[in-house]
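K.L.:
Structure in structure tokens, see below.
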Amino acid sequence: MSNLKETFLTPLGLNNPVAVQVLGICSALAVTAQLEPAIVMGLSVTIILALANVVISLLRNTIPNRIRIIVQLVVVATLVTIVSEVLKAFAYDVSVALSVYVGLIITNCILMGRLEAFAMANGPVESLIDGIGNGLGYAIILVIVAFIRELFGAGTLFGCQVIPDCLYEAGYMNCGLMLMPPMALIILGCIIWAMRAKNPELQEK
Amino acid sequence: MKALRNFLDKVKPNFEEGGKLSAFRSVFDGFETFLFVPNTVSKSGTHIHDIIDSKRVMSFVVIALIPALLFGMYNVGYQNYLVAGTLDQASFMEVFFYGFLAVLPKIIVSYVVGLGIEFTVAQWKHEEIQEGFLVSGMLIPLIVPVECPLWIIAVATAFAVIFAKEIFGGTGYNIFNVALITRAFLFFAYPTKMSGDQVWIAKESIFGLGNDLAGVDGYTGATALGQVATGSSTTITNAVNQAVDLKDMIIGLMPGSIGETSVIAIMIGAVILLVSGVANWRTMISVFVGGAVTAFLFNAIGSESNQVWNLDWMEHLCVGGFCFGAVFMATDPVTSPRTNSGKYIFGFLIGVVAIVIRCMNPGYPEGMMLAILLMNLFAALIDYCFVQRNINKRLNRLNNK
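For the protein sequence lines, the chains are V and W, in the order given. In case it helps, this note's numbering puts the first sequence at residues 150 to 354. In case it helps, this note's numbering puts the second sequence at residues -8 to 392.
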């Protein structure tokens, strides 16, 4: 039981896929200009990763080693297509905002990484927990970056204005750079900086 | 001078290990070495030191910036009075003093924020205070428009000092020019306060000096390059729509960033830098050559739709931040190549890229900032190539013996 708990918790902190393993950076930069698409993206990755982990874990003993990447890709691609269609049907605006990045979840290194490193060697329950943990670890970073970017870049959260008008009248302005990808990279860098400052064991010698 | 030395010697024990103010040791050390050349000498081996240490080098650059600063202050006042139409009634001192009051807060904000961060970092890491911000703090107010709000200068300065300098390891390790990163941050984060035709002329009176321009209209606040980029001819006018010629551009009583308008003031600074040996003439000359050649080529090709192409090469070099960038930014010893042949390539490409950006990209009427930042990135690579070439040449010579 404690093992499962650990499997779930380490990706959220000390073994975070984005901040520690530095995987999935591309989509983390691309979809974090606003909070809503970032959360949808995080949840999509979590769902796809959890399900793919379970499927691969169930199949792990029957997949021939030589073609395992193809099998993994087929499973992931199927799940991504389903999620993409569901988004188009029920959350069209967000799916437009996410544009190609939902489809590109297929190429997200976190997925292949977890399938290869975890699901191929562990049972379905552990794999499910691992998938959810890693997906949420990815989502947390996305949400933090998107929160900062949307708050300072547009003065809104979830599209609602949170910075009061009186501040704007006093001369405050939104920082346009926050809405550009470079600033996402810098914020991500700061998160990694903070994590490493707090956990010295993460620093390379 | 002697009294100051005695005073420093008297209070020094307080700041040393075990003294009651030892927490502020680095602050004291920073001030002491700023005021007096430190008398520490190397104890082992043979060392060759320039008698001028880096705090003194920085001071020369600040001195070289003073003509541009004073002219910039006068120009701020001049533009305000010119637009209000009261230039005839105002005395020289009124005009200058108004500009002084408009510019001074920017200098204070830039120094307080930048030095504040440097002092904090030095104190925190138990290091000596580094002197690099002496120059950056003076450059920053000179390359922003006069109507740029103080708080965004503070934000941008903090951003640049932390992300362009401290995380690279502090003074001497930064790969980008800190003042230009400040400007780039401002330009991309708050474009409405850094470009267009509303920010280049001070609009409010300060302490009764100057004029409120709220009710005045019929003037153009755009910079020379802004006018050409959006206009239909290469005619450049001053703020009250009188055409200006090359002579006026060299004198520089035109809207623009505070320190960049006057070629004469910048050239005085250039002479100070070159005579004192702080800046390298190779970089400076090759920036101008690169800019002139490229501008000449674009002018020779010509363009129907984009008037920047048709600007004369002399005018290209005199308007906007070209001179200021060439003299004070490109020659920054930290972010430019160390090899002499590398300096030619570096400078030449800055000139080329600056004019190419001006001509090819209508979104950025001023290309100097981006050109220098881009070439900063390649400075180390240029050095590497020349050092390798020298090594290979000598190896060949050795092998062929």
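The beta carbon of each residue, even a glycine, is placed where N, CA and C say it ideally should be. All of these numbers come straight from a predicted model, not from anything done at the bench.
Suppose contacts are defined by Cβ-Cβ distances below 8 Å. Is M275 (chain W) in contact with L171 (chain W) by that definition?
P.N.:
Their beta carbons are not under 8 Å apart, which means M275 (chain W) does not touch L171 (chain W) by this criterion.
K.L.:
Taking the continuous alpha helix (DSSP H) assigned at W191 (chain W), which residues delimit it?
P.N.:
Premise fails: W191 (chain W) is in no alpha helix (DSSP H) and is neither H nor E.
K.L.:
Do L222 (chain V) and I259 (chain V) have their C-beta atoms within less than 8 Å of each other?
P.N.:
No, the Cβ-Cβ distance between L222 (chain V) and I259 (chain V) is not below 8 Å.
K.L.:
Report yes or no: do three or more beta-carbon pairs, one from the region 289 to 298 of chain V and one from the region 330 to 348 of chain V, lie closer than 8 Å?
P.N.:
Short answer: they touch.
K.L.:
Could you name the residues of the same chain whose beta carbon sits closer than 7 Å to that of V232 (chain V), not counting the 5 residues immediately before and after it, in chain order?
P.N.:
Excluding sequence neighbours, V232 (chain V) sits near S193, I196, I197 and V251.
K.L.:
Strictly below 9 Å CB to CB, what residues from chain V border P182 (chain W)?
P.N.:
Near P182 (chain W) (Cβ distances below 9 Å), the residues of chain V are G325.
K.L.:
What does I143 (chain W) touch in chain V if you count any residue whose Cβ is under 8 Å from its own?
P.N.:
Near I143 (chain W) (Cβ distances below 8 Å), the residues of chain V are M322.
K.L.:
Any beta carbon of chain V sitting closer than 8 Å to that of P132 (chain W)?
P.N.:
Cβ-Cβ to chain V under 8 Å: no for P132 (chain W).
K.L.:
Excluding the 5 residues preceding and the 5 following A306 (chain V) in the sequence, name in chain order all residues of the same chain whose CB lies nearer than 8 Å to its CB.
P.N.:
According to the sequence displayed, residue 306 (chain V) carries Leu and not Ala. If we look at L306 (chain V) and ignore the five residues flanking it on each side, its Cβ neighbours are L184, F296, E299 and L300.
K.L.:
Can you grab the Cα-Cα spacing for the pair N352 (chain W) / G358 (chain W), in whole Å?
P.N.:
Spanning the two alpha carbons is a distance of roughly 9 Å.
K.L.:
Using a Cβ cut-off of 7 Å, which residues of the region 161 to 179 of chain W contact any Cβ in chain V, in chain order?
P.N.:
From the region 161 to 179 of chain W, only F176 and F179 have a Cβ closer than 7 Å to chain V.
K.L.:
By how many angstroms is the C-alpha of L308 (chain W) removed from the C-alpha of C314 (chain W)?
P.N.:
Taking the straight line joining both Cα atoms gives about 7 Å.
K.L.:
For L306 (chain V), write down the residues that DSSP places opposite it in a beta bridge.
P.N.:
According to DSSP, L306 (chain V) bridges with V:C309.
K.L.:
Given K253 (chain W), which residues of its chain have a CB within under 6 Å of its CB, disregarding the five upstream and five downstream residues?
P.N.:
Per the sequence presented here, residue 253 (chain W) reads as Ser, with Lys not at that position. Counting only Cβ-Cβ distances below 6 Å, and skipping sequence neighbours, we find F62 and G243.
K.L.:
Does the beta-carbon of L372 (chain W) have 16 or more other beta-carbons within 10 angstroms, so that it is buried, or is it exposed?
P.N.:
Counting Cβ neighbours within 10 Å, L372 (chain W) comes out exposed, since fewer than 16 surround it.
K.L.:
Please report how far the alpha carbon of G393 (chain W) lies from the alpha carbon of I158 (chain W), in whole angstroms.
P.N.:
Limits of chain W in this structure are -8 at one end and 392 at the other, which puts residue 393 (chain W) out of reach.
K.L.:
Using the beta-carbon of each residue, which ones in chain V are nearer than 7 Å to F393 (chain W)?
P.N.:
Limits of chain W in this structure are -8 at one end and 392 at the other, which puts residue 393 (chain W) out of reach.
K.L.:
Assuming A199 (chain V) contacts I281 (chain V) (C-beta within less than 8 Å), just tell me the rounded distance between them.
P.N.:
Sure, about 5 Å apart at Cβ, within 8 Å.
K.L.:
From the DSSP output, in three-state form, read off A234 (chain W) for me.
P.N.:
Strand, per DSSP.
K.L.:
How would you call M49 (chain W), buried or exposed, if buried means at least 16 neighbouring beta carbons within 10 angstroms?
P.N.:
Classification for M49 (chain W): buried.
K.L.:
Candidates W:G201, W:V190 and W:L125: which alpha carbon is nearest T441 (chain W)'s?
P.N.:
With chain W covering -8 to 392 only, the question about residue 441 (chain W) has no answer from this structure.
K.L.:
Can you tell me whether DSSP reads T228 (chain W) as helix, strand or coil?
P.N.:
Here T228 (chain W) sits in strand by DSSP.
K.L.:
Looking only at its chain, what residues have a beta carbon closer than 7 Å to the beta carbon of N331 (chain W), apart from the 5 residues adjacent to it on each side?
P.N.:
Cβ neighbours of N331 (chain W) beyond the five flanking positions: R273.
K.L.:
Which residues bound the alpha helix (DSSP H) around C315 (chain V)?
P.N.:
Unbroken alpha helix (DSSP H) run through C315 (chain V): D314 to E318.
K.L.:
Pull up the CB-CB distance for F176 (chain W) and A151 (chain W), whole angstroms please, since I reckon it's below 8 Å.
P.N.:
6 Å between Cβ atoms; contact.
K.L.:
Taking three-plus beta-carbon pairs below 8 Å as touching, is the region 290 to 304 of chain W in contact with the region 82 to 94 of chain W?
P.N.:
No, they do not touch.
K.L.:
If contacts are defined as beta-carbon pairs under 8 Å, then L316 (chain V) and L161 (chain V) qualify, I think. What distance do you get, rounded to the angstrom?
P.N.:
So it is not a contact: roughly 34 Å between Cβ atoms.
K.L.:
By Cβ distance below 6 Å, which residues in the same chain neighbour V366 (chain W) in space, the five residues on each side in sequence not counted?
P.N.:
Residue identity differs from the one stated: residue 366 (chain W) is Met in this sequence, not Val. Cβ within range, chain order: F337, L340 and I341.
K.L.:
Show which residues of chain W have a CB atom less than 8 Å away from the CB atom of I335 (chain V).
P.N.:
In chain order: F154.
K.L.:
With a Cβ-Cβ cutoff of 8 Å, do P356 (chain W) and Q70 (chain W) count as a contact?
P.N.:
No.
K.L.:
Take every Cβ of the region 231 to 250 of chain V, pair it with every Cβ of the region 314 to 328 of chain V, and state whether three or more of those distances are shorter than 8 Å.
P.N.:
Touching, no.
K.L.:
Determine contact between the region 216 to 230 of chain W and the region 273 to 293 of chain W, defined as no fewer than three beta-carbon pairs at a distance below 8 Å.
P.N.:
Because the criterion of three Cβ pairs below 8 Å is not met, the region 216 to 230 of chain W and the region 273 to 293 of chain W do not touch.
K.L.:
Chain W beta carbons: is any one of them nearer than 8 Å to that of M329 (chain V)?
P.N.:
Interface residue, yes.
K.L.:
Please report whether the beta-carbon of P140 (chain W) lies at a distance below 8 Å from any beta-carbon of chain V.
P.N.:
Cβ-Cβ to chain V under 8 Å: yes for P140 (chain W).
K.L.:
Counting along the chain, where does the alpha helix (DSSP H) carrying G338 (chain V) start and finish?
P.N.:
Start and end: P330 to K347.
K.L.:
Just confirm the distance between the C-beta atoms of V292 (chain V) and L337 (chain V), as a whole number of angstroms; I'd bet it's less than 8 Å.
P.N.:
So it is not a contact: roughly 12 Å between Cβ atoms.
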